[in-house]
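Participant: Listed in order, the protein sequences are those of chains A and B.
Using our numbering, the first residue of the first sequence is number 47, and each one after it goes up by one.
Using our numbering, the first residue of the second sequence is number 106, and each one after it goes up by one.
This is the structure I have questions about; it appears just below.
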Amino acid sequence: MRLTVNGRVHELDPAPAVTLLELLRDRLSLTGTKLVCDRGECGACTVQLDGEIVYSCLTLAAACEGADVLTVEGLATDGKEPSLAPLQRAFIAKDAAQCGFCTPGQLIAANALLARNANPTDDEIRAGMSGNLCRCGTYPKILEAIRAVAAGEFELKPEARKPEAGAARGS
Amino acid sequence: MARKSKTSAKPGGFVSTTVEIEGRTETRIVEMPAFEPAAWDDKAELGIVGARVPRMDAPERVTGRARYTADITRPGMLHAVILRSTIPRGTIRTIDLTRAAKMPGVFDVMGPGDTPAGTRLFAREISYAGQPIAAVCAENERAAQNAADAIAVEYDTLPFVVTFEQAAAKDAPKARAKGNMMENAPLVMNRGDIESGLKAADIIVRREYRTPVQLHTALEPHGAAAEWDGDRVTVWESTQGIFRTRENVAKALGVPLSKVRVIKDYMGGGFGAKNGAGPHTYVAAVFAKRVGRAVRCLNDREAEQTDSGNRPSSVQRVTIGAKKDGTLTAIFASIDVPLGISGWEGGPGQIYHEMYACPNVRTEETFAYVNVSGMAAFRGPGYVEGAFGLEGAMNALATELKLDPLALRKKNFTKREPRQGRPYSGNNLLACYKEGAEAFGWSSEDRSPKSENRIRIGRGLAAQVWPTGGGPPAYALVRMNSDATIDVLAGTQDLGTGARTVLSQLAAESLGAKLSDVRAIIGDTESLPYTGNSWGSMTTASVGPAVRMAAEDARSQLFEAAAAMLDAKPGDLESRDSRIVVRDTDRSMTFADVTKKLGNVMIIGKGSRGPNPADTAIMTFGVQFAEVEVDIETGVVRVLRIVAAHDAGRIINPTLAESQLEGGIIQGLGYAMFEERVLDHSLGIVMNSTMHDYKIPTMADIPRIDAFFVGGADPVANHTGARGIAEPPVIPTAPAIAAAVANAIGVEISEIPLTPWRVLAALEKKR
Ligand code: FES
Ligand code: FES
Numbered sequence: 047m048r049l050t051v052n053g054r055v056h057e058l059d060p061a062p063a064v065t066l067l068e069l070l071r072d073r074l075s076l077t078g079t080k081l082v083c084d085r086g087e088c089g090a091c092t093v094q095l096d097g098e099i100v101y102s103c104l105t106l107a108a109a110c111e112g113a114d115v116l117t118v119e120g121l122a123t124d125g126k127e128p129s130l131a132p133l134q135r136a137f138i139a140k141d142a143a144q145c146g147f148c149t150p151g152q153l154i155a156a157n158a159l160l161a162r163n164a165n166p167t168d169d170e171i172r173a174g175m176s177g178n179l180c181r182c183g184t185y186p187k188i189l190e191a192i193r194a195v196a197a198g199e200f201e202l203k204p205e206a207r208k209p210e211a212g213a214a215r216g217s
Numbered sequence: 106m107a108r109k110s111k112t113s114a115k116p117g118g119f120v121s122t123t124v125e126i127e128g129r130t131e132t133r134i135v136e137m138p139a140f141e142p143a144a145w146d147d148k149a150e151l152g153i154v155g156a157r158v159p160r161m162d163a164p165e166r167v168t169g170r171a172r173y174t175a176d177i178t179r180p181g182m183l184h185a186v187i188l189r190s191t192i193p194r195g196t197i198r199t200i201d202l203t204r205a206a207k208m209p210g211v212f213d214v215m216g217p218g219d220t221p222a223g224t225r226l227f228a229r230e231i232s233y234a235g236q237p238i239a240a241v242c243a244e245n246e247r248a249a250q251n252a253a254d255a256i257a258v259e260y261d262t263l264p265f266v267v268t269f270e271q272a273a274a275k276d277a278p279k280a281r282a283k284g285n286m287m288e289n290a291p292l293v294m295n296r297g298d299i300e301s302g303l304k305a306a307d308i309i310v311r312r313e314y315r316t317p318v319q320l321h322t323a324l325e326p327h328g329a330a331a332e333w334d335g336d337r338v339t340v341w342e343s344t345q346g347i348f349r350t351r352e353n354v355a356k357a358l359g360v361p362l363s364k365v366r367v368i369k370d371y372m373g374g375g376f377g378a379k380n381g382a383g384p385h386t387y388v389a390a391v392f393a394k395r396v397g398r399a400v401r402c403l404n405d406r407e408a409e410q411t412d413s414g415n416r417p418s419s420v421q422r423v424t425i426g427a428k429k430d431g432t433l434t435a436i437f438a439s440i441d442v443p444l445g446i447s448g449w450e451g452g453p454g455q456i457y458h459e460m461y462a463c464p465n466v467r468t469e470e471t472f473a474y475v476n477v478s479g480m481a482a483f484r485g486p487g488y489v490e491g492a493f494g495l496e497g498a499m500n501a502l503a504t505e506l507k508l509d510p511l512a513l514r515k516k517n518f519t520k521r522e523p524r525q526g527r528p529y530s531g532n533n534l535l536a537c538y539k540e541g542a543e544a545f546g547w548s549s550e551d552r553s554p555k556s557e558n559r560i561r562i563g564r565g566l567a568a569q570v571w572p573t574g575g576g577p578p579a580y581a582l583v584r585m586n587s588d589a590t591i592d593v594l595a596g597t598q599d600l601g602t603g604a605r606t607v608l609s610q611l612a613a614e615s616l617g618a619k620l621s622d623v624r625a626i627i628g629d630t631e632s633l634p635y636t637g638n639s640w641g642s643m644t645t646a647s648v649g650p651a652v653r654m655a656a657e658d659a660r661s662q663l664f665e666a667a668a669a670m671l672d673a674k675p676g677d678l679e680s681r682d683s684r685i686v687v688r689d690t691d692r693s694m695t696f697a698d699v700t701k702k703l704g705n706v707m708i709i710g711k712g713s714r715g716p717n718p719a720d721t722a723i724m725t726f727g728v729q730f731a732e733v734e735v736d737i738e739t740g741v742v743r744v745l746r747i748v749a750a751h752d753a754g755r756i757i758n759p760t761l762a763e764s765q766l767e768g769g770i771i772q773g774l775g776y777a778m779f780e781e782r783v784l785d786h787s788l789g790i791v792m793n794s795t796m797h798d799y800k801i802p803t804m805a806d807i808p809r810i811d812a813f814f815v816g817g818a819d820p821v822a823n824h825t826g827a828r829g830i831a832e833p834p835v836i837p838t839a840p841a842i843a844a845a846v847a848n849a850i851g852v853e854i855s856e857i858p859l860t861p862w863r864v865l866a867a868l869e870k871k872r
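See below:
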């Protein structure tokens, strides 16, 4: 089957029971996406599948035929030069990662949230991000970071964040 | 303000000093450092230390490049899975490993009889549900799990105990062969005389407080990867202590320390549960040896939530005596703690003795062993539980005396550490009370706005103390490369605390170097000098001074070299931004000019952590204020606002330190509101081992948090002026929230978590 991951096209043949998370981590060595609960409860494994967020621990790889996947490793492809995305810069500036284990999932969830709603209210951010757990308690900083990106402080260009835009780079 | 040490030992000589770890005091013989940098007091002109520098390893963490133990792969690496008992007590009658061994992809299986010498793995006697009984090593985790599932086990079950009451009952089944009570129970700590203290009281308040079992729930599970090279083993471990893990592995496997290397780069949280090697480590290392391939063994979430430590529950029966004006005359607490099958006396008692000036204090703590997985240190162990009892009782006393709870705290403020009468290295608790109250808008009267609606607003507060001096031994090296980049080498760990950043800031400041030229290299026992575990809020105060000294040592060597090149005396040189200037002249050269001339002649500065000041208490203090709303029809509590004011001496990086405060508060909020491990008492197993059933806070639960620091440098504590901060903020959150709820509904609640049904039950009592 064909799968586009962060703009790169892969020809893969996953066994029927393999999850998208296993495929990303074990087969493609994209270990940024984390496994925490393995049952759709924590959001650490969040990736974008054709723009929509999914828990990759609950997504069968074989069901993703032809799809576009965006993981944390694919966020930092701003235009031609690899550089950090506004969300990543905001997370650094606002100190939104302590241990960082939840961070890849948080970033992707935030990326999808802003793609859906470029100007979310605080309550919309809280609701949109409440599927991503963080034990270090970085929530106030994540909220600030998303708010700042939405306000344009880190030059958000939503169209540059969509997987299709990344796909252009791989072809 | 130079530190005084008990003896006038010369550099290189040895002295004895005391170090407080998680409330326990240890005496250590330590070498006097070769020299003692002058302490940075509040007048010290510092540019990098104290600056809001972004976390230096954040780029790795936001790009997915950071490699955690769970991400380690090695060529040919295999995966191990541990099979765990499903019963709390009994013996394994039969266990059949043969089917598992023949499953596809399986390389090796271990069970009872294969116990690696030096470990207690795979015992036939079962003493808690979740105890490792066998392990499988296979080409991937799935194959290993399938094989583990195919192992057939039959048990002979025995009666068991899972609660304190069951353990304490006459003729109770024995959780441990030696008995259910920890030796020398109860643990008594006493000063003065409770009886006369209570006699002198105008009012006596008696309450009983209950706290739940809290699970660490670090997102990265416990895990290790191990690989042998001849008789040497390398272990990648998600740990708060690489050297302690090395010691554990060497001892368990009978290998010399020099042949064990422990590496930990990035880590997904620890919170006290990851202080050494565990079954997963031994399983990985033993399989790796037997099979001759690298082996990784990670806890799955269920193992993580059921057998990797917890904050034990407590029942605290508290009696407080006071004068009419609030002056405390006696504090007494009798405390029961079921530890699980193993544990230590990290009990609630300590804080009762340390928080307030009170001549008569007595605690009696009884620790019981029960047939449940053992406890482990959890951020502020003992003090978090104890604060819920002590601060709850203080708030109850204030209500009964019709006193402002803040005024009651101020009244009983202690100028000296009350147990031994030692002076504090620094104590700005009164300033915390003042600035916290101002920020919150605390008023002594009318705290609960009158309301006839179903939504009631309430406000409350609680205070905190925690020993945070850190101490020796800790060593560091600062090395200048030929391009003037600087490596800071220390065998410490960054749990997500910011240690890499803080240590780099200290080195850059001391050297007069650009921060961007400095890199902290940590987390490898083979190439880095010893430091202790990152526990007890100790890393900054322990390793920081060693790094500063190493950097000062490197700077004096650099100045020696530069003096000749600049035709000046070393004493006339100054450095800033990686440039050396001859004072009052325009002669200067960059660090790179010097190191280039030196070529590979290396400047290596060496530093060590000196002893703590003699007879001095080094503590971090704070107070937190909470505002909540309670729906009296549904019992649902919403925390609206937390204000936190803490004094931790010099803050090396305010941004990172505030993140620590917020993180602690949020864990405290979870403890107050919904975190509680639930046991099935008839089966002896954990009922809520998933992250859905064991609730930790989400972003939707977070109130407005205003957390800040009060006071300045503490040059008596150590020459960097910093004390620890990681644990203090989790201590007062739950009692502050409970006080606010009591204020809102007009009835005390003495048990957490504050679930709706518990709030409704309290309201019912009032009617
Ligand atoms: S690992 Fe997929 S949701 Fe937790
Ligand atoms: S930063 Fe540690 S879990 Fe979120």
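Ideal Cβ positions, reconstructed from N, Cα and C, are used throughout, including at glycine.
Mind checking if residue 104(A) is an interface residue toward chain B, Cβ cutoff 8 Å exclusive?
Facilitator: Taking the first sequence and counting its residues from 1, one reaches residue 104(A) at position 58. Not closer than 8 Å to any Cβ of chain B, the Cβ of residue 104(A) fails to qualify, so no.
Participant: Using DSSP with H/G/I as helix, E/B as strand and the rest coil, what is residue 455(B)?
Facilitator: One-based indexing of the second sequence puts residue 455(B) at position 350. Residue state, collapsed to three classes: helix.
Participant: Excluding the 5 residues preceding and the 5 following residue 125(A) in the sequence, name in chain order all residues of the same chain whose CB lies nearer than 6 Å to its CB.
Facilitator: Stepping through the first sequence from its first residue, residue 125(A) is reached at position 79. Low confidence applies here, because residue 125(A) scores a pLDDT of 47, under 50, leaving its location unreliable; read the following figure in that light. So no residue of the chain qualifies.
Participant: Can you find a heavy atom of ligand 2 that lies under 7 Å from the Cβ of residue 184(A)?
Facilitator: Locating residue 184(A) in the first sequence gives position 138, counting from the first residue. The answer is yes for residue 184(A).
Participant: I'd like the list of long-range same chain contacts for residue 815(B), defined as Cβ closer than 6 Å, with 5 residues on each side in sequence excluded.
Facilitator: Here residue 815(B) corresponds to residue number 710 of the second sequence, with the count starting at 1. Within the same chain, residue 815(B) has close Cβ partners 533, 536, 537, 540, 750, 752.
Participant: Given a cut-off of 8 Å, decide if residue 440(B) and residue 451(B) are closer than it, judged by their beta-carbon atoms.
Facilitator: What you label residue 451(B) is simply residue 346 of the second sequence in a count that begins at 1. What you label residue 440(B) is simply residue 335 of the second sequence in a count that begins at 1. For residue 451(B) and residue 440(B), no; Cβs fall outside 8 Å.
Participant: The beta strand (DSSP E) spanning residue 698(B) covers which residue range?
Facilitator: Counting from one through the second sequence, the residue named residue 698(B) turns up at place 593. Run containing residue 698(B): none in the beta strand (DSSP E); it sits in the alpha helix (DSSP H), 696-703.
Participant: Please list the residues of the stretch 750-767 of chain B that have a C-beta atom closer than 7 Å to any C-beta atom in chain A, keeping them in chain order.
Facilitator: So the close ones are 760, 761, 764, 767.
Participant: Please confirm whether residue 89(A) and residue 155(A) have their CB atoms less than 8 Å apart.
Facilitator: In the first sequence, the residue the question calls residue 89(A) occupies position 43. In the first sequence, the residue the question calls residue 155(A) occupies position 109. Yes, they are a contact pair.
Participant: If you check the beta carbons only, do residue 641(B) and residue 827(B) fall under 8 Å apart?
Facilitator: For the purposes of this step, residue 641(B) is identified with residue 536 of the second sequence, where counting begins at 1. For the purposes of this step, residue 827(B) is identified with residue 722 of the second sequence, where counting begins at 1. It is not a contact, given that the beta carbons lie outside the stated cut-off.
Participant: Strictly below 8 Å CB to CB, what residues from chain B border residue 88(A)?
Facilitator: Within the first sequence, numbered from 1, the residue matching residue 88(A) stands at position 42. Simply 324, 796.
Participant: List the residues of chain A whose Cβ lies closer than 7 Å to the Cβ of residue 805(B), in chain order.
Facilitator: Working through the second sequence from its first residue, we reach residue 805(B) at position 700. Near residue 805(B) (Cβ distances below 7 Å), the residues of chain A are 172, 173, 176.
Participant: Just list the residues that DSSP pairs residue 641(B) with in beta bridges.
Facilitator: Counting from 1 along the second sequence, the entry for residue 641(B) is found at position 536. Looking at the DSSP assignment, residue 641(B) forms no beta bridge with any residue, so it has no partner.
Participant: Could you list which residues in chain A have their beta carbon closer than 7 Å to that of residue 176(B), in chain order?
Facilitator: Residue numbering aside, residue 176(B) sits at position 71 when the second sequence is read from its first letter. Correct list: 77.
Participant: Measure the alpha-carbon distance for residue 127(A) versus residue 190(A) and round it to whole angstroms.
Facilitator: Mapped onto the first sequence, residue 127(A) falls at position 81. Mapped onto the first sequence, residue 190(A) falls at position 144. Note that residue 127(A) has pLDDT 47, beneath the 50 cutoff, so the model's placement of it is unreliable and the number below is only indicative. Approximately 27 Å, taken between the alpha carbons.
Participant: Let's see if you can read the secondary structure: which residues bound the beta strand (DSSP E) around residue 56(A)?
Facilitator: Locating residue 56(A) in the first sequence gives position 10, counting from the first residue. Counting along the chain, the beta strand (DSSP E) containing residue 56(A) begins and ends at 54-57.
Participant: Residue 829(B) and residue 700(B) look like a contact to me (Cβ under 8 Å); what is the Cβ gap, rounded to whole Å?
Facilitator: Reading the second sequence from its first residue, position 724 is the one you call residue 829(B). Reading the second sequence from its first residue, position 595 is the one you call residue 700(B). With 8 Å as the limit, residue 829(B) and residue 700(B) do not qualify as a contact, their Cβ atoms being about 35 Å apart.
Participant: Taking only beta carbons into account, state which residues of the stretch 587-603 of chain B come closer than 9 Å to chain A, listed in chain order.
Facilitator: Residues passing the 9 Å Cβ filter: 599, 600, 601, 602, 603.
Participant: By DSSP, does residue 127(A) sit in helix, in strand, or in coil?
Facilitator: Residue numbering aside, residue 127(A) sits at position 81 when the first sequence is read from its first letter. Any reading at residue 127(A) must be qualified, since the residue scores a pLDDT of 47, below 50, and its modelled position is unreliable; the value itself is stated next. Residue 127(A) falls in the coil class under three-state DSSP.
Participant: Tell me which residues share the same chain as residue 109(B) and place their Cβ nearer than 7 Å to its Cβ, disregarding the 5 neighbours each side in the sequence.
Facilitator: As a position in the second sequence, residue 109(B) is number 4, starting the count at 1. In this prediction, residue 109(B) has a pLDDT of 38, which is less than 50 and means its spatial position is unreliable; nothing more can be read from the coordinates.
Participant: Roughly how many angstroms separate the alpha carbons of residue 557(B) and residue 858(B), rounded to a whole number?
Facilitator: The residue labelled residue 557(B) in the question sits at position 452 within the second sequence. The residue labelled residue 858(B) in the question sits at position 753 within the second sequence. Rounded to whole angstroms, residue 557(B) to residue 858(B) spans 26 Å at the Cα level.
Participant: Threshold first: 4 residues or longer. Then list the alpha helix (DSSP H) segments lying entirely within the stretch 239-263 of chain B, N to C.
Facilitator: Counting whole runs of 4 or more residues, the stretch 239-263 of chain B contains the alpha helix (DSSP H) stretches 246-254.
Participant: Identify whether residue 711(B) lies in helix, strand or coil by the three-state DSSP scheme.
Facilitator: Here residue 711(B) refers to the residue found at position 606 of the second sequence. The answer is strand: DSSP assigns residue 711(B) an E or B state.
Participant: Just checking: is the beta-carbon of residue 168(A) within a distance shorter than 8 Å of some beta-carbon in chain B?
Facilitator: Start at 1 with the first residue of the first sequence, and residue 168(A) comes out as number 122. Output row for residue 168(A): interface = no.
Participant: Output needed in chain order: residues of the stretch 186-205 of chain A with a Cβ under 8 Å from some Cβ in chain B.
Facilitator: Residues passing the 8 Å Cβ filter: 186, 187, 188, 189.
Participant: Alpha carbon to alpha carbon, what distance is there between residue 194(B) and residue 263(B)?
Facilitator: Counting from 1 along the second sequence, the entry for residue 263(B) is found at position 158. Counting from 1 along the second sequence, the entry for residue 194(B) is found at position 89. Cα to Cα, residue 263(B) sits roughly 5 Å from residue 194(B).
Participant: Quick check on the burial criterion: 16 or more other C-beta atoms within 10 angstroms. Buried or exposed for residue 566(B)?
Facilitator: Taking the second sequence and counting its residues from 1, one reaches residue 566(B) at position 461. Flag for residue 566(B) reads buried.
Participant: Using 8 Å as the limit for Cβ to Cβ distance, is residue 528(B) near chain A?
Facilitator: Start at 1 with the first residue of the second sequence, and residue 528(B) comes out as number 423. By this cut-off, residue 528(B) is not an interface position.
Participant: Which of the three DSSP states is assigned to residue 166(A) in this structure?
Facilitator: In the first sequence, counting from the first residue as 1, residue 166(A) sits at position 120. Residue 166(A) falls in the coil class under three-state DSSP.
Participant: Inspect the CB distances between the stretch 240-247 of chain B and the stretch 173-184 of chain B and report whether three or more fall short of 8 Å.
Facilitator: Yes: the two stretches touch, three or more of their Cβ pairs being nearer than 8 Å.
Participant: I need the boundaries of the alpha helix (DSSP H) containing residue 295(B), first residue and last residue.
Facilitator: Taking the first residue of the second sequence as position 1, residue 295(B) is located at position 190. Unbroken run through residue 295(B) is the beta strand (DSSP E), 292-296; no alpha helix (DSSP H).
Participant: Looking at the C-beta of residue 59(A), does it have a partner C-beta in chain B at a distance below 8 Å?
Facilitator: Numbered from 1 along the first sequence, position 13 holds the residue referred to as residue 59(A). No, no contact with chain B.
Participant: Between residue 412(B) and chain A, is the shortest Cβ-Cβ distance under 8 Å, so that the two count as touching?
Facilitator: Numbered from its first residue, the second sequence carries residue 412(B) at position 307. Not an interface residue.
Participant: So what does residue 95(A) bridge to, in DSSP terms?
Facilitator: Working through the first sequence from its first residue, we reach residue 95(A) at position 49. DSSP output for residue 95(A) lists 98(A), 115(A) as bridge partner(s).
Participant: What's the C-alpha gap between residue 217(A) and residue 47(A)?
Facilitator: Position 171 of the first sequence, counted from the first residue, corresponds to residue 217(A). Position 1 of the first sequence, counted from the first residue, corresponds to residue 47(A). Residue confidence for residue 217(A) is low, a pLDDT of 29 falling below 50, so the modelled location carries little weight; the figure read from the coordinates is stated next. Their Cα atoms are separated by approximately 17 Å.
Participant: Suppose only complete runs of 4+ residues qualify. What are the alpha helix (DSSP H) ranges in the stretch 827-858 of chain B, listed by chain order?
Facilitator: If we require 4 residues or more, the alpha helix (DSSP H) runs fully inside the stretch 827-858 of chain B come out as 838-850.
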